[in-house]
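Each residue of the sequence shown is one higher than the one before, counting from 4 in the working numbering. For glycine and all other residues, C-beta sits at the position ideal for the given N, C-alpha and C. Inspection log for the structure reproduced underneath, given as structure tokens.
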Amino acid sequence: MDLNRLQELLTGFRSASIAVFGDFFLDKYLTLEGALTEVSLETGLDAYQVVGRRCSPGAAGTVTSNLTALEVGKVYAVGFTGEDGEGYELRQGLDHTGVDSVHLLTCADLATPTYMKPMLRNADGAERELNRLDIKNRRPTPREIEDAILGELELALPQVQAVIILDQIEQRDLGVVTDYVREGIQALARAHPEVVFFADSRASIGLFRDVIIKPNKLEAARSCGYEGTEEALTAEDAEGFGAELVARNHRPAFVTAGPEGIVVFDETGATRVPGIRVPSPVDIVGAGDSTTAGIVSALCAGASLQEAAVMGNCVASITVQQLGTTGTATREEVLQRFSEHAGQFG
Numbered sequence: 004m005d006l007n008r009l010q011e012l013l014t015g016f017r018s019a020s021i022a023v024f025g026d027f028f029l030d031k032y033l034t035l036e037g038a039l040t041e042v043s044l045e046t047g048l049d050a051y052q053v054v055g056r057r058c059s060p061g062a063a064g065t066v067t068s069n070l071t072a073l074e075v076g077k078v079y080a081v082g083f084t085g086e087d088g089e090g091y092e093l094r095q096g097l098d099h100t101g102v103d104s105v106h107l108l109t110c111a112d113l114a115t116p117t118y119m120k121p122m123l124r125n126a127d128g129a130e131r132e133l134n135r136l137d138i139k140n141r142r143p144t145p146r147e148i149e150d151a152i153l154g155e156l157e158l159a160l161p162q163v164q165a166v167i168i169l170d171q172i173e174q175r176d177l178g179v180v181t182d183y184v185r186e187g188i189q190a191l192a193r194a195h196p197e198v199v200f201f202a203d204s205r206a207s208i209g210l211f212r213d214v215i216i217k218p219n220k221l222e223a224a225r226s227c228g229y230e231g232t233e234e235a236l237t238a239e240d241a242e243g244f245g246a247e248l249v250a251r252n253h254r255p256a257f258v259t260a261g262p263e264g265i266v267v268f269d270e271t272g273a274t275r276v277p278g279i280r281v282p283s284p285v286d287i288v289g290a291g292d293s294t295t296a297g298i299v300s301a302l303c304a305g306a307s308l309q310e311a312a313v314m315g316n317c318v319a320s321i322t323v324q325q326l327g328t329t330g331t332a333t334r335e336e337v338l339q340r341f342s343e344h345a346g347q348f349g
């Protein structure tokens, strides 16, 4: 792929329409000023003093933020929030980034999943993240909610070229993408072959059928029974495990391998698309979501699987350099990054 082709694909993003279906979280960062720490009279423990806060859509919301930063024409959120303050802040964040939330349900009996991230600021101004506080739903998603969110996805399908499924919850049946919902997604994918269905899942990628999948190399390995460490896995391992998943699913796969890049699988076999290495420090939080946004946007613009992987690598190489936040990449930044490394994609 050359620079002209990249520009053509980026221009095509503006005509794309994508639904993001899955677990929408609120990312809430609390800035704590270390010098202001007090000792609680009641407990004798440190009482950290909050001097700043910032909220942004997380999980599936990270994907939507990346899509809108890339100037995708229309982005829909499909899932649910609770009827709570976190849900209000999440919806504000989605509105601020231009995401259409008409298909995002409000459920009074469920909580809005939230990652609360205390960031302790030291005397030199540097911040470090303390223990995260998570809000999640701890009981199975009710069947009426499962049916309702599948109904919202079906309503969105005539308006979109692609559906991104983001399965954030590792425990079975506690989020949006339950076993029942996954079967519903697969039925919709079979009924709508003209729509790109693309799934990313922290713990259950091996259970998806009839959709394109994007595991990282450890997720692919775990889905194939691997019990070793991530450090022991190589790009060659990614090829083997990816091939096994494709044999089960009969759909293309993108297996990500960090700075080593992406192994793309289609009916002809496996192709390695090299990654773009950037200097330290890096922050990989949200890197997979930004990769997904780049890949699916490119597919909607007419890219081949390999071209889409190049786009995903470019976007992720930019977001990992944004520290202490779940970053996004603009079209201009993607053009610049590709120009700097065009030789490796010729």
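Element boundaries [alpha helix (DSSP H), containing residue i]
i, result
"TYR183", "182 to 194"
"SER350", "This structure cannot speak to residue 350, because the chain is shown only from 4 to 349."
"SER68", "63 to 72"
"LEU317", "Here residue 317 is Cys; the residue named in the question, Leu, does not match the sequence. Looking at the DSSP string, the run of the alpha helix (DSSP H) that includes CYS317 is 308 to 322."
"GLY154", "146 to 159"
Limits of the beta strand (DSSP E) - the one that residue i falls within
i, result
"HIS253", "Taken as a continuous stretch (DSSP letters only), HIS253 belongs to no beta strand (DSSP E), as it is neither H nor E."
"SER226", "From DSSP, SER226 is part of no beta strand (DSSP E) but of the alpha helix (DSSP H) over 220 to 226."
"GLU130", "130 to 132"
"GLU36", "27 to 36"
"SER204", "199 to 204"
"PRO121", "117 to 124"
Assigned secondary structure, residue i (DSSP; H/G/I helix, E/B strand, else coil)
i, result
"MET4", "coil"
"ALA290", "helix"
"ILE168", "strand"
"VAL53", "strand"
"TYR229", "coil"
"SER104", "strand"
"LEU44", "coil"
"THR84", "strand"
"ARG17", "helix"
"THR279", "For clarity, residue 279 is Ile in the given sequence; the question names Thr instead. In the structure shown, ILE279 sits in coil (DSSP, three-state: anything other than H, G, I, E or B)."
"ASP176", "coil"
"ARG135", "coil"
"SER300", "helix"
"VAL267", "strand"
Residue i versus residue j - alpha carbon distance
i, j, result
"GLY187", "GLU149", "9 Å"
"SER104", "ARG94", "8 Å"
"THR333", "SER43", "45 Å"
"SER18", "THR295", "18 Å"
"VAL66", "ILE298", "11 Å"
"ARG135", "LEU6", "41 Å"
Residue from the options with nearest C-alpha to residue i
i, options, result
"VAL54", "ARG254, ALA260, GLU130", "GLU130"
"VAL276", "GLY228, GLU335, VAL266", "VAL266"
"GLU1", "SER320, ARG225, LYS220", "The structure shown does not extend to residue 1, since the chain is modelled only from 4 through 349, so no value can be given for it."
"MET256", "LEU107, HIS195, GLY228, ALA311", "Note that residue 256 is Ala in the sequence shown, not Met. Answer by Cα proximity: ALA311."
"LEU123", "ALA38, LEU108, GLU270, ILE321", "ALA38"
"GLU247", "GLY264, PHE268, ALA238, GLU263", "PHE268"
"VAL163", "GLU343, LEU302, SER342, GLN324", "LEU302"
"ALA250", "ASN125, GLY261, ARG212", "ARG212"
"PHE200", "SER300, GLY178, GLU263, GLY101", "SER300"
"ALA192", "ALA165, ASP203, VAL180", "ALA165"
"TYR183", "PRO145, GLY96, PHE83", "PRO145"
"LEU107", "GLU86, LYS120, THR271, ALA223", "GLU86"
Sufficient close CB pairs (3 or more, under 8 Å) joining the segment 61 to 80 to the segment 168 to 177: yes
The segment 230 to 237 / the segment 245 to 256 touching (three or more Cβ pairs under 8 Å): no
Three CB pairs or more closer than 8 Å across the segment 315 to 335 and the segment 284 to 300: yes
Segment contact flag, the segment 177 to 193 with the segment 141 to 160, C-beta cutoff 8 Å, min 3 pairs: yes
Meets three-Cβ-pair contact criterion under 8 Å: the segment 106 to 125 and the segment 23 to 40: yes
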